[in-house]
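S.K.:
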Amino acid sequence: MNIFDKGFSPSEATVRYLDGDYVVLKQGTFVRCAISGKPIPLDELFYWSVDRQEAYADASTAHEAFIRYGRGN
Numbered sequence: 001m002n003i004f005d006k007g008f009s010p011s012e013a014t015v016r017y018l019d020g021d022y023v024v025l026k027q028g029t030f031v032r033c034a035i036s037g038k039p040i041p042l043d044e045l046f047y048w049s050v051d052r053q054e055a056y057a058d059a060s061t062a063h064e065a066f067i068r069y070g071r072g073n
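Now the structure itself:
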């Protein structure tokens, strides 16, 4: 099924974030940004925290998470 199929509905994926890669545990089309709550399509996911296992929409939200929480847990 692709996004052009009638009845297609985007769904949230469950992802395990690794160093430089991630593994999709539950199929879906997007994950949510931990800071903004914005949906991030999996093919546009470039920023995440391995320690906190959370995704970020862009570099500025990743930086915001760093400022809030520091590098580790």
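Here the sequence shown is numbered in full-length UniProt numbering, starting from 1 and rising by one per residue.
Beta carbons are placed, not taken as given, at the ideal position from N, Cα and C, and that holds for glycine.
Since this is a predicted model, take the numbers as computed values, not measurements.
I need the boundaries of the beta strand (DSSP E) containing Ser-49, first residue and last residue.
M.R.: Per DSSP, Ser-49 belongs to the beta strand (DSSP E) from 47-49.
S.K.: Would Leu-18 and Val-31 qualify as a contact pair, given that the criterion is a beta-carbon distance under 8 Å?
M.R.: No; because the gap between Cβ atoms is not below 8 Å, this pair is not in contact.
S.K.: Tell me, to the nearest whole angstrom, how far the beta carbon of Tyr-56 is from that of Cys-33; I am working on the premise that it is less than 8 Å.
M.R.: Contact flag correct, Cβ pair sits at about 6 Å.
S.K.: Which residues does DSSP pair with Phe-18 in a beta bridge?
M.R.: The identity of residue 18 in the sequence shown is Leu, whereas the question assumes Phe. According to DSSP, which records beta bridges pairwise, Leu-18 is partnered with Asp-21.
S.K.: Using DSSP with H/G/I as helix, E/B as strand and the rest coil, what is Leu-40?
M.R.: This sequence places Ile at residue 40; Leu is not what is there. Note: Ile-40 maps to strand in three-state DSSP.
S.K.: Just the Cα atoms here: how many angstroms apart are Phe-46 and Ala-59?
M.R.: About 9 Å.
S.K.: Does the beta-carbon of Val-50 have 16 or more other beta-carbons within 10 angstroms, so that it is buried, or is it exposed?
M.R.: With fewer than 16 other Cβ atoms within 10 Å, it is exposed.
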